[in-house]
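First comes the structure, then the notes that go with it.
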Amino acid sequence: MVFGKKYMDEYLDKRGFKAVVNEVEHLAATPNLGDFFPFLGVIDLQGLTRRLKDLSKVFDEFLEKIIDEHVQSRDQKQSKDFVDTMLDIMQSGEAEFQFDRSHIKAILFEMLIAAIGTSPSAIEWILTELLRHPHVMKKLQKELEQVVGLEKMVKESDLENLNYLDMVVKEGLRLHAVAPVAPHKAMEDCVVNSFHIQIGSRIMITFMLFTGIQIFGLNLKSFFPRGCPAMQLAIVLVDLIVAQLRNMISAKHGPYWRNMRKLCTQHLFSNQKINSFQSMRRQQVELMIKSLKNETCDHRVVVDLSAKISSLNADLTCLMVFGKKYMDEDLDKRGFKALVKEVDELAATPNLEDFFPFLGVIDLQGLTHRLKDLSKVFDDFLEKIIDEHVQSGDQKQSKDFVNTMLDIMQSGEAEFQFGRSHIKAILFDMLVAAMGTSATAIEWILTELLRHPHVMKKLQKELEEVVGLERMVKESDLENLNYLDMVVKEGLRLHAVAPLVPHEAMEDCVVNSFHIQNGSRIMINYYAVQRDPNIWPEPEKFLPERFAGSSIDIRGHDFQLLPFGSGRRSCPAMQLAIVLVQLIVAQLVHCFDWELPNGMQPCELDVEEHFGLATSRANHLMAIPTYRLNINA
């Protein structure tokens, strides 16, 4: 059809026609580092550019030869193939642009690559399924006997009458997408299912996923990452940061992980231990309220709520974990929060080494170097903390987490050899997990309350009825604040603090016909689950009332809402986090009326996100508080 005659396998190249086409297809499907990291394009580490140039030369010479043959034999041929047709167009000038040999060669090349692999693959797969399902084969043969008969072969004119054949072909093409991933490019800025896609972005349409992916018993028709499509492939690098530690977050499932988890849940995050810090939590929250009241008592002041919440969260974390507050520079001259933020950003950065192990020794991105520096800083700081606790010994009345773990280490009650390295690993996990997540959740909930003043008023009304304006909120009030519970659930649903959570398959398994091998790392997209329109009506809207009369919980039992994960790998500090988020949101809403600065309307408040291990606000949340209680803070 294309050239007007058959060509021997070696006519294109000594490697063979099909072999060369297969090599082009293989190279085209190989992930190219230069596409994701443009600065690597000039290096050509994988040798793809060189190999493609060699193949390009082979095809160019072959297609030039084909065109020359057609030019020489044009008047001798009775029927015209594709090359003849394009030569006619070139000579007639009927194309609406300067159509020449280079365009003919480009079209011929695409025809070769597209046609030689796809149709045979489709036919192979359909025949494979027919051989696997003999009853379907028999049913198709019966139709062919009725329509065509056994006296002749099938003609093209018969095809329109073969309805069951049409069904078989459709099902074969559905089940085995010949081109499972198709690249597209955005011609303008657009929004697809709440994902902002910039002009020029390359996106891959995964046709194999159009049947949905069965995760947690839900049919997720939208299982896409946010931003760059390579983001879904990103592997969390916390294990690199703590190469010298034995932390729990990145530990593989097994006796060690089970013992570490058991130690945390029984000794550090038990209800008894959490309750022992209740008076400290109350004091610190009241100090923040008093500070806000003093700042705004004489005049209206714009307050950086993000900074206030972050500072309170850091103080609460340090007091529970270390027994005292630490100045921002105690960890490092860069600052406590800055270092934790750097860990978060590095851990969320796609690492070339995870996809191309041979690059590990080069460390092109400098990630390993930076992570080793951070690891040493944290290790030195945590050693200092432990030394201080050992020296203070029995002088402390209340025990923080470090004291508790030192007691366990000295008593030998752990079911494994529990030493300093394990204490440092748990402390590191706590710092990284706690410093950002609770504060981020509170920020997003307050953002939505400021964007929806009627919800803020409704919550304040509940607080007035349950608590009154003569005192602040106590932790014991929380169980009676039903609307607060709905507001927090909706905030955590709409803004998944940890949108992508890594899991590892412990054994070979099949999920909705996708085979997942033992040891495979997969990213669960909680952001997509919690905004799935098949589960949540109007998923992009902030509607706390959707939880009225609902039994949906946030503790990992309901798979459509998993802000703290589920099962063995769920957050061990879940209960503490829920108490902190509810208490701080309730206290800020109860003690103050809030408005946006500079006459900003609620709908104008931005919800731009900064992506990392935790998805925080891109810009600080600024607001003006007015004290509303009838008591002095």
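In terms of our numbering, the sequence shown opens at residue 11 and continues consecutively.
Note that the Cβ used here is the ideal one computed from N, Cα and C, for glycine as well.
In the structure shown, D314 falls within a strand segment according to DSSP collapsed to helix, strand and coil. H113 carries a helical assignment under DSSP once its states are collapsed to helix, strand and coil. Burial state of P607 is exposed, judged by a 10 Å Cβ sphere holding fewer than 16 other Cβ atoms.
DSSP, reduced to helix, strand and coil, places K195 within a strand of the structure shown. For I532, the uninterrupted beta strand (DSSP E) run begins and ends at 531-535, by DSSP.
Between A624 and A508, the beta carbon gap of about 6 Å places them in contact (Cβ cut-off 8 Å). Residue environment: C328 is assigned as buried (16 or more neighbouring CB atoms within 10 Å of its CB, all protein chains considered). Shown here for L473: same chain residues with a beta carbon closer than 6 Å to its own, the five before and five after excluded, namely H600 in chain order. Assignment of D603 by DSSP, reduced to helix, strand and coil, places it in the strand class. Taken in chain order, the complete alpha helix (DSSP H) segments of 4 or more residues contained in the segment 57-83 are 58-82.
Secondary structure at C307: coil, using DSSP grouped into helix, strand and coil.
The segment 313-331 and the segment 444-464 touch, with three or more beta-carbon pairs separated by less than 8 Å.
C581 sits in coil when the DSSP states are folded into three classes, being neither helix nor strand. Rounded to the nearest angstrom, the gap between the Cα atoms of V164 and K90 is 26 Å. L510: not part of any alpha helix (DSSP H); member of the beta strand (DSSP E) spanning 510-514, first to last residue. Taking all protein chains in view, the Cβ of V34 is crowded by 16 or more other Cβ atoms within 10 Å, so the residue is classified as buried. Taking the C-beta atoms as reference points, M482 is found no nearer than 8 Å to E305.
Rounded to whole angstroms, A187 and P193 show a C-alpha spacing of 14 Å.
Taking the Cα positions, L416 is about 8 Å away from V400. Between the alpha carbons of D390 and M330 lies a distance of about 20 Å. Between the segment 544-560 and the segment 493-505 there are three or more inter-stretch CB-CB distances shorter than 8 Å, so the stretches are counted as touching. Within the segment 435-514, the runs of beta strand (DSSP E) that reach at least 3 residues and sit entirely inside it are, in chain order, 510-514.
Secondary structure note for F524: its beta strand (DSSP E) is the uninterrupted segment 524-526.
Taking G609 as reference, the option from V595, A633, E170 with the minimal CA-CA separation is A633.
Judged by DSSP in its simplified three-state form, T625 adopts coil rather than helix or strand.
Three or more beta-carbon pairs drawn from the segment 169-189 and the segment 145-159 are found closer than 8 Å, and the two stretches are therefore classed as touching.
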